[in-house]
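Here the structure comes first, spelled out in structure tokens, and everything after it is commentary.
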Amino acid sequence: MNLHRVGVLLKKELHQSTHSMLFIFATVIPILVSLIVSLVFGRLFEPTPRVGILDEGDSQMIALFQERAYLDTRIYTDADQLRSDTENGVVEMGLIVPTGFDDAVRDSQETDLTILFWGEAPITDQGMLVTSLASNVVEIGARDIPVTVEPVYLGSGEITSWSERLLPLLVLMSIVMGGTLIPASSLVDEKQRRTLNALTITPTTLIDVMASKLLLGMIISLVMGLVLLVMNQAFGTEPLLLIMVLALGTFAAATFGILLGALTKDMNTLFAIIKALALILYAPAIIEIIPNLPEWLARIFPTYYLISPIQRIALDGVGLSEIAGDVSILGVISIVLIGCVLLVVQRQDRLRPAAQ
5 MNLHRVGVLL KKELHQSTHS MLFIFATVIP ILVSLIVSLV FGRLFEPTPR VGILDEGDSQ
65 MIALFQERAY LDTRIYTDAD QLRSDTENGV VEMGLIVPTG FDDAVRDSQE TDLTILFWGE
125 APITDQGMLV TSLASNVVEI GARDIPVTVE PVYLGSGEIT SWSERLLPLL VLMSIVMGGT
185 LIPASSLVDE KQRRTLNALT ITPTTLIDVM ASKLLLGMII SLVMGLVLLV MNQAFGTEPL
245 LLIMVLALGT FAAATFGILL GALTKDMNTL FAIIKALALI LYAPAIIEII PNLPEWLARI
305 FPTYYLISPI QRIALDGVGL SEIAGDVSIL GVISIVLIGC VLLVVQRQDR LRPAAQ
């Protein structure tokens, strides 16, 4: 394999693929579906509740609000600016904390706390802001709350939002479309137009051609997977580990696409195979949507070991030790696929002189 030739071929592939309808389909459809899911089940375009604080003394209030990641806390030094921003909706709640507020709360003395509300703030945001304020006051006062609230959910299923249930399917869809379908279709198109034989007559080898198409599938699916994770705010606490596992998953998907393209003679047959394999490819993500189904059922399908580590890093925040087994199996699957591709290449190289 010659890296320079692979780079030249990859540049050509990137230029040609971006002008094809299949590329548009593979990149636009997952994003559109993700947007629809986020609009219906999530809070994609709903801003984070915003609170502005003017501390006239040395209160803990600012630090306590900043600890709450689900709020946007802004610090002010001018009371008139805080009132103006609250009136105009820049912040939804404004607080003016007087000097000695914390000591007065701890000593159970009366004190003033000026609270300003933007009249058009959503009721859900107001509830979150007021609840956070009350919790902060209790924490400043160092008081024990004699009541413990323990939510009890009816039913045995795990409580998971629909956006979280559908995220694995969206990511898997982007990897399969970009990583598998695009390299496979590109390779089949080369064979149908007889440009593959023309390329391999030159010093360019079949391995060079397949490597460039494999890299094409990896780049497209990796970018699309990252875009979907960022759109759904599911990048997790281990972004580097997530990118590494996603890259390994896209490598396996692109290698499978190369194998499909090498074994398929025309586009109609390729799309028929993809349709027939759709249930197997997407089965782990479909099983994830139905919470009562056992996890072992998803483990039967190879793509489980592609999407499960990504999901656990992005949504559960696990580290490498918790997903090492699944990642190892994904690595073995990738090695097997590479071995199959090399066998196909050797077979086609043996048959080419006879065909010519």
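So the mapping is simple: my numbering equals the position in the sequence shown, first residue as 1, plus 4. The beta carbon of each residue, even a glycine, is placed where N, CA and C say it ideally should be.
**Item:** Start and end residues, alpha helix (DSSP H) containing Y286
**Value:** 271 to 293
Would you decide whether I223 is buried or exposed? Buried here means 16 or more other CB atoms lie within 10 Å of its CB. buried
Within the stretch 53 to 104, ranges of the alpha helix (DSSP H) (whole runs, at least 4 residues)
65 to 70, 83 to 91
inquiry  = Considering Cα atoms alone, identify which of R9, V12, V10, E17 is closest to S189.
reply    = E17
Identify every run of the beta strand (DSSP E) within the stretch 108 to 145, keeping only runs that are complete inside it and at least 3 residues long; order them along the chain.
118 to 121
#### Entry: Those runs of the alpha helix (DSSP H) which lie wholly inside the stretch 183 to 239 and span at least 4 residues
186 to 196, 199 to 205, 210 to 235
Between the alpha carbons of G321 and L250, how many angstroms are there, rounded? 15 Å
My output table needs one value for I304: the three-state DSSP class, helix, strand or coil. coil
Around the Cβ of P313, are there at least 16 other Cβ atoms within 10 angstroms (buried) or fewer (exposed)? buried
- Can you tell me whether DSSP reads T268 as helix, strand or coil? coil
Q | Minimum Cβ-Cβ distance from A251 to chain D less than 7 Å | A | Looking at the structure shown, chain D is missing, and only one protein chain is on hand.
Work out the CA separation of G98 and L86 for me, nearest whole Å. 7 Å
Q: Have a look at L137 and W122 and give me their C-alpha separation to the nearest angstrom.
A: 16 Å
- Among residues of its own chain, excluding the 5 on either side of L7, which ones have a beta-carbon nearer than 7 Å to its beta-carbon? none
Pairs of beta-carbons, one from the stretch 179 to 195 and one from the stretch 259 to 278, closer than 8 Å: are there three or more?
yes
E242 in three-state terms, based on DSSP:
coil
_DSSP three-state label for P298, please._
coil
Beta-carbon gap between V180 and L232 smaller than 7 Å:
no
**Prompt:** When you compare only the Cα positions, how much space is there between S160 and L297?
**Reply:** Residue placement at S160 is poorly supported in this model, since its pLDDT is 49, which falls under 50; the coordinates still yield a value, given next. Those two C-alpha atoms are separated by around 12 Å.
If I measure Cβ to Cβ from G343 and keep anything under 7 Å in the same chain, skipping five residues before and after, which residues do I get?
none
### Task
With a threshold of 16 other CB atoms inside 10 Å of the CB of F255, please say whether the residue is buried or exposed.
buried
| request: Go to S21, then tell me how far its alpha helix (DSSP H) extends in each direction, as first and last residue. | output: 7 to 21
| said: Taking 6 Å as the limit between beta carbons, can you name the residues of its chain near M132, skipping five residues before and five after? | reply: P53
CB-CB length for E60 against T103, believed under 8 Å: 5 Å
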